[in-house]
Ligand code: UGA
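In this note's numbering, the protein residues as written are 1 to 435.
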């Protein structure tokens, strides 16, 4: 069996590497020639723990990387893992996926195989039946369900644990008609991930499951962030103890209750906007989803309020931002809350210096010479008026009084409560901790 994977971002490259390292015969395709070249040489275009090791392992087996879509015609299974970014109205932009499935359709036209196409990209309910299926049928001149299979297969992996999540997913969702193609795909996943629940449903439900998942995670984060703001007004209150305790209730669950400066990244903010937009267009007022988003946006204001209270004006005050990646163990700064904070502080004429163990280069691409970049935590806080810990990198727990003594004004805002148990010689604010 030959497997094609179209689109080599986090999802596509993780899937490629894991399946190839297991010995599957893989053709991985991306339009970006340079990216293909790098990957063929065992270099990942982005940082993801264990990815390069798994990729290199796969390259020793049956893995071909190419930008040539015509190779698709030899495949039995084709995973579509291209991005569905956000357009200016908040809806998803389907142009990339439309192009990808057009190319797939063109290339299976003369194939004698009956390939099965699995859509992993996140798409709004109705997209697979109303947009993707007609494109594939038109371009291939074939009939879905008879000449080729079309199955929704949403992805739930998280950046920073992408390889682990690809190897051991918590669930496999398959949406589509109950045809022989569905049977084959079910068998494939049963063998690949024995013991993992497989949910078989229709396209629309599978598409909606993905949005339900991400919007629920966003809701948990905004919930705990709202509570953390309340805790800050209760002397001695500690949001982590509250989260840990309510998390022990099996009806609640302990994950995604880590209070902070708000959720970021390339998925939760985009998917929330897309779902809100879809609900509005369907005539449903998304009251709760709007509130989740509003809490998230306002979370940064808490930090700016403290700064304004302490300095009145931020003109030429040096502010150190520790962590610009949207979460630890990644170099990804897309939709990172730290990036939004920097943009806001630059508007207030603050003098910004940043540190991040992995994301300096991606941050530099955004701000160039508008901010400064430090190669160590210690250098980043020298002469600073305020340090703001944004990302929960373990390194930042090493911040100590020797480093803090080099600050111009000793003010620390700790959005991740990393220094809470330390005897810090500074004015210290921690999100979720009552003063
Ligand atoms: C998210 C989902 O968790 C994945 O299941 C999903 O597959 C993926 O989006 C996607 O749609 O592709 P990811 O974007 O990698 O994964 O990041 P998360 O781990 O969900 O974190 C998102 C943001 O929430 C980060 O800024 C993180 O710092 C924040 N967060 C997360 C918190 O502030 N508190 C928490 O308790 C958890």
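Note that beta-carbon positions come from the ideal geometry of N, C-alpha and C, so glycine has one too. Bear in mind that the values here come from a model prediction, so they are computed numbers and not experimental data.
Euclidean distance between Cα positions of residue i and residue j
i           : j           : result
residue 93  : residue 79  : 19 Å
residue 230 : residue 242 : 12 Å
residue 118 : residue 189 : 12 Å
residue 421 : residue 236 : 13 Å
residue 413 : residue 280 : 37 Å
residue 291 : residue 310 : 29 Å
residue 256 : residue 70  : 42 Å
residue 159 : residue 194 : 24 Å
residue 50  : residue 126 : 35 Å
residue 115 : residue 128 : 16 Å
residue 245 : residue 82  : 39 Å
residue 161 : residue 47  : 11 Å
residue 156 : residue 201 : 17 Å
residue 294 : residue 382 : 35 Å
residue 254 : residue 248 : 6 Å
residue 358 : residue 226 : 29 Å
residue 154 : residue 42  : 27 Å
residue 20  : residue 3   : 10 Å
residue 23  : residue 8   : 19 Å
residue 322 : residue 143 : 54 Å
residue 59  : residue 365 : 30 Å
residue 25  : residue 110 : 21 Å
residue 271 : residue 415 : 24 Å
residue 307 : residue 430 : 13 Å
residue 371 : residue 354 : 8 Å
residue 326 : residue 214 : 16 Å
residue 203 : residue 152 : 6 Å
Residue i: CB within 7 Å of a non-hydrogen atom of the ligand UGA
i           : result
residue 157 : yes
residue 266 : yes
residue 122 : yes
residue 252 : no
residue 455 : Since the first residue of the chain shown is 1 and the last is 435, residue 455 is not available in this structure.
residue 327 : yes
residue 147 : no
residue 229 : no
residue 256 : yes
residue 214 : yes
residue 217 : yes
residue 260 : yes
residue 396 : no
residue 263 : yes
residue 271 : yes
Residues near residue i by beta carbon distance below 8 Å, same chain, minus five either side
i           : result
residue 90  : 273, 274, 276 and 277
residue 425 : 401, 404, 405 and 410
residue 186 : 174, 198 and 200
Residue i, buried or exposed, once every other Cβ within 10 Å from all chains shown has been counted against 16
i           : result
residue 63  : buried
residue 384 : buried
residue 343 : exposed
residue 287 : exposed
residue 305 : exposed
residue 301 : exposed
residue 329 : buried
residue 375 : exposed
residue 141 : exposed
residue 191 : exposed
residue 234 : exposed
residue 320 : buried
residue 32  : exposed
residue 394 : exposed
residue 368 : exposed
residue 212 : exposed
residue 73  : buried
residue 65  : buried
residue 453 : Nothing in the structure corresponds to residue 453, since the chain is present only between 1 and 435.
residue 417 : buried
residue 363 : buried
residue 208 : buried
Residue i CB to nearest heavy atom of the ligand FAD below 7 Å
i          : result
residue 79 : The ligand FAD is not part of the structure shown, which contains the ligand UGA as its ligands.
Chain B contact for residue i (CB, 8 Å cutoff)
i         : result
residue 2 : Protein chain content of the structure displayed is limited to a single chain, and chain B is not contained in it.
Cut-off 7 Å between Cβ atoms - residues of its own chain near residue i, not counting five sequence neighbours on either side
i          : result
residue 18 : 54, 163, 166 and 167
Residues near residue i in its chain [Cβ-Cβ closer than 6 Å; skip 5 each side]
i           : result
residue 269 : 335
residue 149 : 116 and 181
residue 396 : 322, 389 and 418
- Could you tell me whether the stretch 339 to 358 touches the stretch 316 to 330, where touching means 3 or more Cβ pairs closer than 8 Å? Counting C-beta pairs closer than 8 Å gives three or more between the stretch 339 to 358 and the stretch 316 to 330, which meets the contact rule.
- Task: For the stretch 103 to 118 and the stretch 32 to 39, state whether three or more C-beta atom pairs, one from each stretch, are separated by less than 8 Å.
- Result: Touching, no, given that fewer than three Cβ pairs across the two stretches are closer than 8 Å.
- Three or more beta-carbon pairs under 8 Å between the stretch 4 to 22 and the stretch 123 to 141, yes or no? The answer is no - the stretch 123 to 141 does not touch the stretch 4 to 22, with fewer than three Cβ pairs under 8 Å.
- Item | Stretch-stretch touch, CB-based, cutoff 8 Å, three pairs: the stretch 192 to 208 with the stretch 163 to 173 | In this structure the stretch 192 to 208 lies against the stretch 163 to 173, because at least three pairs of beta carbons, one per stretch, are closer than 8 Å.
- Are the stretch 211 to 223 and the stretch 249 to 265 in contact at 8 Å, needing three or more beta carbon pairs? Three or more beta-carbon pairs separated by less than 8 Å link the stretch 211 to 223 to the stretch 249 to 265, which places the two stretches in contact.
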